[in-house]
Amino acid sequence: MKKEIISVDSKQTAKVIAITTALFSLIFTLVGLAMIIFGIVMDSDVTKSMGLIYLLMPLWYIILVYVFSRLLYWVYNKVAARFGGVVFELEDKMN
Numbered sequence: 001m002k003k004e005i006i007s008v009d010s011k012q013t014a015k016v017i018a019i020t021t022a023l024f025s026l027i028f029t030l031v032g033l034a035m036i037i038f039g040i041v042m043d044s045d046v047t048k049s050m051g052l053i054y055l056l057m058p059l060w061y062i063i064l065v066y067v068f069s070r071l072l073y074w075v076y077n078k079v080a081a082r083f084g085g086v087v088f089e090l091e092d093k094m095n
């Protein structure tokens, strides 16, 4: 059976994508924390600065992902309303 996506809830979908992004960004946050600690122990301003960037960039990335996801889904809803949405086919599977 064919189904068509005619509208996407941009707020909810962007929120889910941003949260998923946040979970993957935790890796960089941990690297940043390790670099800051290493920079403090070794008294290296460059390492501390890089650690701070690794710590803060995931936050900036999450914000950008949310904003651009909202924009993408808003545009999709406008285009889908005029030309039709993405069509895909589903099939019931028997176990």
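Just so you know, the sequence shown maps onto residues 1 to 95 in the numbering used here.
Just so you know, even glycine gets a beta-carbon here, dropped at the ideal spot from N, CA and C.
How many whole angstroms separate the CB atoms of residue 88 and residue 11, which I take to be in contact at a CB cut-off of 8 Å? Your numbering for residue 88 matches position 88 in the sequence shown. Your numbering for residue 11 matches position 11 in the sequence shown. Contact between residue 88 and residue 11 is absent: CB atoms are separated by about 23 Å, not below the 8 Å threshold.
Helix, strand or coil for residue 8? Go by DSSP, reduced to three states. The residue labelled residue 8 in the question sits at position 8 within the sequence shown. It is coil, neither helix nor strand.
What does the alpha-carbon distance come out to for the pair residue 81 and residue 68? Along the sequence shown, one-based indexing puts residue 81 at 81. Along the sequence shown, one-based indexing puts residue 68 at 68. Their backbone Cα atoms lie some 20 Å apart in a straight line.
Just to confirm my understanding: we take residue 61, look at its own chain, exclude 5 residues before and 5 after, and list those with CB closer than 7 Å. What are they? Reading the sequence shown from its first residue, position 61 is the one you call residue 61. If you ignore the 5 residues before and after residue 61, its C-beta comes within less than 7 Å of the C-beta of 21 and 25, all in its own chain and listed in chain order.
Taking only the alpha-carbon atoms, compute the straight-line gap between residue 5 and residue 59 and give it to the nearest angstrom. For the purposes of this step, residue 5 is identified with residue 5 of the sequence shown, where counting begins at 1. For the purposes of this step, residue 59 is identified with residue 59 of the sequence shown, where counting begins at 1. A straight line joining the alpha-carbon of residue 5 with that of residue 59 spans about 31 Å.
Which runs of the beta strand (DSSP E) fall wholly inside the region 62-92 and span at least 3 residues, in chain order? Look at the region 62-92 and you find these whole runs of beta strand (DSSP E), each 3 residues long or longer: 86-89.
On a Cα-Cα basis, can you pick out the residue from 84, 37, 14 and 78 that is closest to residue 54? On the sequence shown, position 54 is the one that residue 54 refers to. Out of 84, 37, 14 and 78, 37 has the C-alpha closest to the C-alpha of residue 54.
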